[in-house]
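Notes to accompany the following structure.
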Ligand SMILES: [Zn+2]
């Protein structure tokens, strides 16, 4: 398996090309001594059921796996708890207000992004929200603290799937 920092050819601190592998998850700069560890990023995912025992799913608007079904969730921001992250992501992606998020389990995953293999630790939650309807259409006016709009949801309405 390729080292997770294989595409990091230079030290991010001093720019030296003497950026050598320390172990399977770290590189060290021989010039300045800087050590960089490649740790997994934390993410969240929500299982949201309605009164009819239907599971809410979204359709991915961007790669990877554009067009496939997905559960609401995303990366946890810096200085944010997993619980805060799932509340924010569910609102950003569906417009639903989370009443309660109950942690279930975590699982490791990998995610190809910008040509690199990201390592993730996904925190799963059973999420209780205000009621959603089948074929709930997400309003395109959602904006987060950074001024990003819910652009990716304009093209793809949130769908619901019956549990098997
Ligand atoms: Zn350096």
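Numbering (this note's numbering), first residue to last: 40 to 203.
Even for Gly, the Cβ is constructed at its ideal location relative to N, Cα and C.
query = In angstroms, rounded to a whole number, what distance separates the CA positions of residue 137 and residue 71?
reply = 47 Å
Residue 73 versus 149, 57, 63, residue with shortest Cα-Cα distance = Measuring from the Cα of residue 73, the nearest candidate turns out to be 57.
task = With DSSP collapsed to three states, give me the class of residue 118.
result = Of the three classes helix, strand and coil, the one that applies to residue 118 here is coil, per DSSP.
ask   = Exposed or buried, residue 168, counting other C-beta atoms within 10 Å across all chains shown (16 or more means buried)?
value = Looking at its Cβ environment, which holds 16 or more other Cβ atoms inside 10 Å, residue 168 is buried.
inquiry  = For a quick check, are the C-beta atoms of residue 125 and residue 141 less than 7 Å apart?
reply    = no
query = When you compare each of 146, 101, 64 to residue 153 by their alpha carbons, which one comes out closest?
reply = 101
Member of 133, 92, 118 whose CA lies at the smallest distance from the CA of residue 112 = 133
request  = Find the nearest neighbour of residue 51 within the set 77, 62, 81, 63, judged by alpha-carbon distance.
outcome  = 77
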